[in-house]
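Beneath this line is the structure, given in structure tokens, with notes to follow.
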Amino acid sequence: MELVHDFTVPVPADQAFDLLVDVQRIAPCMPGAVITSVDGDSFEGGMKIKLGPISMTFRGDGELIEKDPEARRAVIRAQGRDAKGNGGAQATVTAALTEQGGTTGVHVVTDLNVTGKAAQFGGGVMKDVSNRMLAQFADNLSQMISAGATATPTPAITPAASSHATAGPTTAAATAPAFTPNDDGLDAMGLLLGSDAVKNVARPALVGLAGLVIGYLYGKNRVLERTVRRGC
1 MELVHDFTVP VPADQAFDLL VDVQRIAPCM PGAVITSVDG DSFEGGMKIK
51 LGPISMTFRG DGELIEKDPE ARRAVIRAQG RDAKGNGGAQ ATVTAALTEQ
101 GGTTGVHVVT DLNVTGKAAQ FGGGVMKDVS NRMLAQFADN LSQMISAGAT
151 ATPTPAITPA ASSHATAGPT TAAATAPAFT PNDDGLDAMG LLLGSDAVKN
201 VARPALVGLA GLVIGYLYGK NRVLERTVRR GC
């Protein structure tokens, strides 16, 4: 499945490119995402997704396989699986940046392959949800840039990372204002309820359900009336 998105970053293209290829810096802007380790152009991380009372955690890895500052083009390949084995996803994300008079237009094309439970959603639903997710990412990124802050990366979930976090002198970056987005995970239910594709399916289903409930209650009421009359 191919997904296409466009958004604007409120800085010149060269600055925007340096920012967008810094995966650890921008990851907190993506709803539910966390980077646990970075090694050169490779990284590991995960994403927490909440669907009502159900929470799913996807873990995986990725790599920046192409980075061309002159063409302002970058390609990331990533893959991940649900921790409980409910499915997985592989994606190749290509981003192209265009200078727009002090701001930057970002054109993103994602080649996505989803397996397992997530694949049960139709293409229209997935596109609507991804549009809203990228809109949240772009909004968080703009807030971070406007505040002149660096998004606070979530530390790696390892004992070594915890020990390093408390060692060493405090740096200027550590005391600078930090952008801290909501880390409760991606609220997929909220995004799905906002999806036109879901609404088109849900509305007839809700009408049908309402009809069944009304019919059931009407039938129960008629039975009760007959019972009362017989008792009299």
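Counted from 1, the sequence shown has number 107 at position 107 by the UniProt record's numbering; the numbering is strictly sequential.
Using N, Cα and C, we set each Cβ at its ideal position, and we do this for glycine too.
Per-residue DSSP class, three states only, for residue i
i: Ala16; result: helix
i: Val129; result: helix
i: Val23; result: helix
i: Gly80; result: strand
i: Ala74; result: strand
i: Gly124; result: helix
i: Met144; result: helix
Distance between residue j and residue i (C-alpha atoms, nearest Å)
i: Thr104; j: Ile35; result: 25 Å
i: Gln136; j: Cys29; result: 8 Å
i: Lys127; j: Ala74; result: 22 Å
i: Lys84; j: Val4; result: 29 Å
i: Met144; j: Val21; result: 15 Å
i: Val90; j: Val109; result: It should be pointed out that residue 90 corresponds to Gln in this sequence rather than to Val. Their backbone Cα atoms lie some 14 Å apart in a straight line.
i: Ala96; j: Thr8; result: 12 Å
i: residue 287; j: Phe58; result: Past the edges of the chain, shown from 1 to 232, lies residue 287, and the structure says nothing about it.
i: Arg77; j: Leu19; result: 18 Å
i: Asp68; j: Thr94; result: 11 Å
i: Gly62; j: Ser42; result: 6 Å
i: Glu70; j: Arg25; result: 21 Å
i: Asn131; j: Leu112; result: 14 Å
i: Val11; j: Lys48; result: 29 Å
i: Ala27; j: Val38; result: 12 Å
Where the beta strand (DSSP E) containing residue i begins and where it ends
i: Val93; result: 87 to 100
i: Gly6; result: Here the sequence assigns Asp to residue 6, which means Gly is not the residue at that position. Counting along the chain, the beta strand (DSSP E) containing Asp6 begins and ends at 2 to 9.
i: Ala33; result: 33 to 39
i: Gly116; result: 103 to 116
Classification of residue i by the beta-carbon crowding that lies within 10 angstroms, buried from 16 upward
i: Asn140; result: buried
i: Asp6; result: exposed
i: residue 237; result: Past the boundaries of the shown model lies residue 237; the chain is included only from 1 to 232, so the question cannot be answered.
i: Ile65; result: exposed
i: Gly46; result: buried
i: Met1; result: exposed
i: Ala147; result: exposed
i: Gly40; result: exposed
i: Ala138; result: buried
i: Gly116; result: exposed
>> Counting beta carbon pairs with one atom in the region 10 to 18 and one in the region 104 to 115, are three or more of them shorter than 8 Å?
In response: Here the region 104 to 115 makes contact with the region 10 to 18; the two share three or more CB pairs at distances below 8 Å.
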